[in-house]
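Novice: Numbering (the numbering used here), first residue to last: 392 to 612.
Note that beta-carbon positions come from the ideal geometry of N, C-alpha and C, so glycine has one too.
Nothing here was measured: the structure is a model prediction, and the numbers come from that model.
Mind having a look at this structure? Questions to follow.
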Ligand code: DER
C-alpha cells in the first residue's frame with residue numbers, strides 16, 4: 392500500500408465546511424489536495440491558502456477556491472508534509488523547496504496537521520539534510536557562516552544552475568548529522584545575515600497522520 396496516499400487522504404477528514412485551509416506542498420499532501428478537490432466538487436465549501444506555486448496550480452486545476460495569505464487573519468487548519476518528524480513532533484521540512492511559505496502559513500494557522508509515510512518518523516532529526524533558505528546576494532559568505540555551526544552546507548542545484556525558490560532565493564542543504572537542540576539551532580541559523588528561514592519546524596505541529604505499507608494509518612500527537 393502507498394503510505395503517502397493513505398495518510399494524505401485520511402487527513403482530508405479533518406477539513407470541515409467553511410474552513411480556511413492551508414494547503415501544503417509535496418507528494419504526500421498531494422493526496423489530501425486531490426481528495427479535497429473531489430469533496431469541493433461534491434459541495435464542500437472551503438478556501439485554500441497555498442504554500443507554493445505548484446500547490447496553487449494543482450488546487451486551481453481542482454477547482455478549490457484560493458486566498459492569498461495576506462487576505463486572511465487566521466487559518467483554521469494547515470495540512471502539510473514533512474521530510475522528518477520526531478516523537479516531539481518537531482520537523483525537518485523543505486525537501487520540496489517550499490519551507491518559507493510553509494512556515495509562514497503554518498505560523499498563521501490554529502492547527503498544523505502533518506501527513507507522512509512511515510519512513511519520515513525518526514528517533515532523532517538530522518539524517519535528512521536541513522534546508523536553509525538564503526538570499527542569493529553573498530550566498531557564499533552566508534554558506535561559510537552556516538558552516539561554522541558544525542555542518543556542511545551544499546547549494547541545491549536544479550540542472551546546471553542553483554535551485555531558485557518561489558521567493559527568488561537559494562537553498563543550502565545542511566548536513567548536521569543528528570540535531571541536538573532543534574530550537575537553539577533554528578534561532579542560531581535565523582540570526583545569521585543572509586539567512587531567510589530554515590526547515591526546522593519546532594513545536595508547531597499538533598499531530599501527524601502516518602501511513603504504513605501494510606495499509607494501516609496511525610495518528611500520533
Ligand atoms: O518541502 C516540504 O517540506 C514538503 O512538505 C516535502 O518535503 C514533504 O515531503 P513529501 O513530498 O515526501 O510529502
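Where residue 570 and residue 468 are concerned, what is the direct C-alpha to C-alpha distance, given to the nearest angstrom?
Specialist: 28 Å
Novice: By a C-beta neighbour count over all protein chains shown, 10 Å radius and 16 as the cutoff for buried, is residue 549 buried or exposed?
Specialist: It counts as exposed.
Novice: Considering only C-alpha positions, which residue in the set 526, 564 and 554 is nearest to residue 542?
Specialist: 564
Novice: Is the Cβ-Cβ distance between residue 580 and residue 523 less than 8 Å?
Specialist: Taking 8 Å as the Cβ cut-off, residue 580 and residue 523 qualify as a contacting pair.
Novice: Entirely within the stretch 414 to 458 and at least 3 residues each: give me those beta strand (DSSP E) ranges in chain order.
Specialist: 438 to 441
Novice: For residue 456, I'd like the list of residues in its chain whose CB is within less than 6 Å of its CB, leaving aside the five on either flank, ordered along the chain.
Specialist: 438
Novice: For residue 589, count the other beta carbons within 10 Å of its own beta carbon; 16 or more makes it buried, fewer makes it exposed. Which is it?
Specialist: buried
Novice: Could you tell me which residues DSSP pairs with residue 523 in its beta bridges?
Specialist: According to DSSP, residue 523 bridges with 563 and 589.
Novice: Between residue 419 and residue 508, how many whole angstroms is the CB-CB distance? I'm expecting something under 8 Å.
Specialist: 7 Å
Novice: State the Cα-Cα distance for the pair residue 642 and residue 465, rounded to the nearest angstrom.
Specialist: The structure shown does not extend to residue 642, since the chain is modelled only from 392 to 612, so the question has no answer here.
Novice: The beta strand (DSSP E) that contains residue 400, what's its start and end?
Specialist: Taken as a continuous stretch (DSSP letters only), residue 400 belongs to no beta strand (DSSP E), being part of the alpha helix (DSSP H) at 394 to 402.
Novice: Might you give, ordered along the chain, the residues of its own chain that have their beta carbon closer than 6 Å to the beta carbon of residue 559, omitting 5 neighbours on each side?
Specialist: none
Novice: Over what stretch of residues does the beta strand (DSSP E) that includes residue 611 continue unbroken?
Specialist: 608 to 611
Novice: Check whether the Cβ atoms of residue 413 and residue 442 sit closer than 8 Å, and answer yes or no.
Specialist: yes
Novice: State whether the stretch 494 to 508 contacts the stretch 591 to 602, with contact taken as three or more CB pairs (one from each stretch) at a distance under 8 Å.
Specialist: yes
Novice: Quick one, which of 421, 525 and 585 has its alpha-carbon nearest residue 556's?
Specialist: For the residues 421, 525 and 585, the minimum Cα distance to residue 556 belongs to 525.
Novice: Which residue from 496, 515 and 516 puts its Cα closest to that of residue 458?
Specialist: 496
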